[in-house]
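Just so you know, the protein sequences line up as chains A and B, in that order. In terms of numbering that gives the first Met the number 0, the first sequence opens at residue 0 and continues consecutively. In terms of numbering that gives the first Met the number 0, the second sequence opens at residue 0 and continues consecutively. Virtual Cβ for every residue (Gly too), placed ideally from N, Cα, C. Below is one structure, written out as structure tokens, with a few remarks after it.
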Amino acid sequence: MSAAPLITFEHVTKRYGAVTAVDDVSLEIGAGEFFALLGPSGCGKTTLMRLIAGFETPDAGRILIDGRDMADMPPHARPVNMMFQSYALFPHMDVARNIGFGLAQAGQPKAAIAARVAELLRLVQLEGLGARKPDQLSGGQRQRVALARALARKPRLVLLDEPLAALDRKLREETQFELMRLQRELGTAFMLVTHDQDEAMVMAHRIAVMRAGRIEQLGAPRAIYEVPASRFVAGFIGEVNLFEGVVARVEDGLAFVRLNGLNALVCAAVEGAVGASVTLAVRPERMLLELVRDEGLPGVVLDSAYRGDTQVARVRLANGSLVRIARFGAALMPERGAAVRVSFAPDAARVLPA
Amino acid sequence: MKARRSLAERLVLGAPWVWLLVFFLIPFLIVVKISLSQAALAQPPYAPVFALGDGWEALEKLKELSLAAYAGLADDWLYAEAYLSSLRLAAVSTAFTLAVAYPLAYAMARASHRWRPILLVLAIAPFWTSFLIRVYAWITILKDEGLLNHALLSLGLISEPLHIFASDEAVVIGIVYSYLPFMVLPLYNAIARQPPDLLEAAADLGASPTAAFWRITAPLSAPGVVAGCLLVFIPAIGEFVIPDLLGGSDTLMIGRTLWIEFFDNRDWPTASAVAVVLLALLVVPMAFYERSQMAETPS
Chain A
0 MSAAPLITFE HVTKRYGAVT AVDDVSLEIG AGEFFALLGP SGCGKTTLMR
50 LIAGFETPDA GRILIDGRDM ADMPPHARPV NMMFQSYALF PHMDVARNIG
100 FGLAQAGQPK AAIAARVAEL LRLVQLEGLG ARKPDQLSGG QRQRVALARA
150 LARKPRLVLL DEPLAALDRK LREETQFELM RLQRELGTAF MLVTHDQDEA
200 MVMAHRIAVM RAGRIEQLGA PRAIYEVPAS RFVAGFIGEV NLFEGVVARV
250 EDGLAFVRLN GLNALVCAAV EGAVGASVTL AVRPERMLLE LVRDEGLPGV
300 VLDSAYRGDT QVARVRLANG SLVRIARFGA ALMPERGAAV RVSFAPDAAR
350 VLPA
Chain B
0 MKARRSLAER LVLGAPWVWL LVFFLIPFLI VVKISLSQAA LAQPPYAPVF
50 ALGDGWEALE KLKELSLAAY AGLADDWLYA EAYLSSLRLA AVSTAFTLAV
100 AYPLAYAMAR ASHRWRPILL VLAIAPFWTS FLIRVYAWIT ILKDEGLLNH
150 ALLSLGLISE PLHIFASDEA VVIGIVYSYL PFMVLPLYNA IARQPPDLLE
200 AAADLGASPT AAFWRITAPL SAPGVVAGCL LVFIPAIGEF VIPDLLGGSD
250 TLMIGRTLWI EFFDNRDWPT ASAVAVVLLA LLVVPMAFYE RSQMAETPS
């Protein structure tokens, strides 16, 4: 991140009646960054974005854009543009006038607007559709018009509110790469608001995982996935197996944990004092599953699913808990009802705060 | 089974056509026929009169039909003036109704969801009182020693009473008041159904609230404006009660002319011709309304 952040949140709080939608959030977003706000619905991510756009005003704290306090700045005077989840295209204007709306409001001459609109239509691959009305476009085309309209004024930051939610799966994936390409080429900061962890993981440089108005964890996708800061983050970003137990002994930086309800010791490369209760988190693809070894935790295959590129099996352990195991490629999974042993390498486990 | 259902369907679809035939087309044809007849001192007061037992004589009687009543309308400038004055008063009234109704409808559409149904009921509440009584009430408000003049005089805003009653202005006031709900409701509908995020998008793209209103809200209200204006303009042209009660002796409106021809002069053919020409005049804005409705429905 550059020295001067583009967006700064200083202890920002926003309440609706008894509900605190955004709770004492401090945050910095750099110029040119692709930033994602990720969280379940109602976590406050949409409110946070609307605070930047100026549709909401904070009850406490300050929001700075380029170092300027936005407290008394109405939405139409802010150097950010938003792509709405509903797209909010103006139904009575054709595509060109929709895209050029912000430029016309800025009082730019007609010729300059026409040139910029043509450039944007090329950028989002809608050449020749400038004269169409929004209701004559497909969902994917409308999405691109909304994006072009948000980019038209060359804003410092583009806010994307669930930009792919209305698209089907295949189009969603294509559009993800398209957005990444645009962001890279334009160098404009993008802020993505989504409840879809895939979307955030694929596109963003940094992700803020939100929960109940607070930022639970902030970091690069890899760091969040591999070192989740909490049980919530671990469960929200991808799948995770949780093992609860007590540290029995520590040797050479390895903790031996006696799992609750199981007469078994597992070994993990984590910190922990002897006698402390810990929760170990292991991703499904880091779990090992074997039929013949006598080491590992005994269990029975409950079901397995073939997904083409991956296979997933769920194994019920002796204490009743379910373990999820994922395999890449075509390796065969044991059949339903097979007695298996599951284990994981010491470096696959992370300790989560209880 | 399928054939029987299609018969039932045809009956259902046919019902409105039968209704229009019996209650609109046949009476209209009778009015057209009377407009082609000649006034006569008889019962009914026109000739020829067709009867079921006429037989071949009916053909002879057909020759008596003429365009004399229409020629009479064309000859006398009074009728043309009545039509023009009706169109003018209706147009002025419609413009004022729109000016009063738009802010009302806008406020209703922007009110909270809890208030909206209450405001809607209030908007149509005047309909619960007789139209005639409500127009009569305006006499006591507008006349020289009426409520309005009393209030203005005692406030010292005027030194002598305004002569509003028995004038074209009083007719316009009466029409604006009486037809206001017909303007408010379609406007409310057109404004309330605009997605609120369109205004946020406009603000986001640099439009001040005023600019956003003129660029987004106003053009998207156009179907409501057209519907409301026609719902006021069309009946206002033929309005009789309001000009009769509130207008002056020189207030010339076609509804009044028709009344005079029919009841005072007992000239049924002329009265019928006045009605037929009025209908022909109204078909134009009504066709326009139909087209705007069609354009509004997504294809």
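Item                                                                                                                                                                                                    : Value
Mind listing the chain B neighbours of M81(A)? Cutoff is C-beta to C-beta under 7 Å, in chain order.                                                                                                    : D203
At a Cβ cut of 9 Å, what residues of the stretch 60-76 of chain A count as close to chain B, listed as they run along the chain?                                                                        : P73, P74, H75 and A76
Are T12(A) and D23(A) closer than 8 Å when you measure CB to CB?                                                                                                                                        : yes
Taking 8 Å as the limit between beta carbons, can you name the residues of its chain near V49(A), skipping five residues before and five after?                                                         : In the sequence as presented, Val is not what sits at residue 49(A); that position holds Arg. The residues are E55.
Opposite K13(A) in the DSSP bridges: which residues?                                                                                                                                                    : V21(A)
When you compare the CB of A200(B) with every CB in chain A, is at least one pair closer than 8 Å?                                                                                                      : yes
With three or more beta-carbon pairs closer than 8 Å as the criterion, would you say the stretch 128-137 of chain A touches the stretch 75-85 of chain A?                                               : no
Does the Cβ of E238(A) have 16 or more other Cβ atoms within 10 Å, making it buried, or fewer, making it exposed?                                                                                       : exposed
If you follow the alpha helix (DSSP H) that M48(A) is in, where does it begin and where does it stop?                                                                                                   : K44 to A52
If you draw a straight line from the C-alpha of V231(B) to the C-alpha of L186(B), how long is it?                                                                                                      : 12 Å
Just the Cα atoms here: how many angstroms apart are R155(A) and L178(A)?                                                                                                                               : 16 Å
List the DSSP bridge partners of R205(A).                                                                                                                                                               : F34(A)
Could you give the DSSP three-state label for L5(A): helix, strand or coil?                                                                                                                             : coil
If I measure Cβ to Cβ from Q196(A) and keep anything under 7 Å in the same chain, skipping five residues before and after, which residues do I get?                                                     : L37, F235, I236 and G237
Would you call Y78(B) buried or exposed, if buried means 16 or more other Cβ atoms sit within 10 Å of its Cβ?                                                                                           : buried
Could you work out which residues of chain A lie near L186(B), taking near to mean beta carbons separated by less than 8 Å?                                                                             : In chain order: nothing, as chain A lies at least about 16 Å away.
Taking L103(B) as the reference, give the member of I123(B), L277(B) and D167(B) with the closest Cα.                                                                                                   : I123(B)
Examine chain A for any beta-carbon lying closer than 8 Å to the beta-carbon of D196(B), and answer yes or no.                                                                                          : yes
Measure the alpha-carbon distance for G29(A) versus A117(A) and round it to whole angstroms.                                                                                                            : 29 Å
Just how far apart, CA to CA, sit R349(A) and L241(A)?                                                                                                                                                  : 10 Å
Tell me, please, whether the CB atom of S137(A) is closer than 8 Å to any CB atom in chain B?                                                                                                           : no
Taking C-beta to C-beta, are D346(A) and A268(A) nearer than 8 Å?                                                                                                                                       : yes
Distance cutoff 8 Å, beta carbons only. Does A206(B) sit that close to anything in chain A?                                                                                                             : yes
Can you give me the C-alpha to C-alpha distance between V314(A) and V208(A), rounded to a whole angstrom?                                                                                               : 29 Å
Classify I62(A) as helix, strand or coil using the three-state DSSP reduction.                                                                                                                          : strand
What in chain A is Cβ-close to L210(B), meaning under 7 Å?                                                                                                                                              : First, the amino acid is wrong: residue 210(B) is Ala here, not Leu. Per Cβ cutoff of 7 Å: Q104.
What does the alpha-carbon distance come out to for the pair A95(A) and K109(A)?                                                                                                                        : 12 Å
Cβ of S40(A) less than 8 Å from any chain B Cβ?                                                                                                                                                         : no
From A199(A) to N80(A), what does the alpha carbon distance come to, in whole angstroms?                                                                                                                : 20 Å
What separation, rounded to the nearest whole angstrom, lies between the Cα atoms of L251(B) and H149(B)?                                                                                               : 29 Å
The alpha helix (DSSP H) that contains I172(B), what's its start and end?                                                                                                                               : D167 to A191
Which residue wins for smallest C-alpha separation from L258(A), given the options R248(A), G244(A), L125(A) and R213(A)?                                                                               : G244(A)
Does the stretch 137-154 of chain B come into contact with the stretch 172-179 of chain B, if we say contact requires no fewer than three beta-carbon pairs (one atom in each stretch) closer than 8 Å? : yes
Please classify N262(A): does DSSP put it in a helix, a strand, or coil?                                                                                                                                : coil
Using a cut-off of 7 Å between C-beta atoms, extract the partners of P222(B) located in chain A.                                                                                                        : In chain order: nothing, as chain A lies at least about 10 Å away.
Flag L146(B) as yes when its Cβ comes closer than 7 Å to any non-hydrogen atom of the ligand NAD, and as no otherwise.                                                                                  : The ligand NAD is not part of this structure, which contains no ligands at all.
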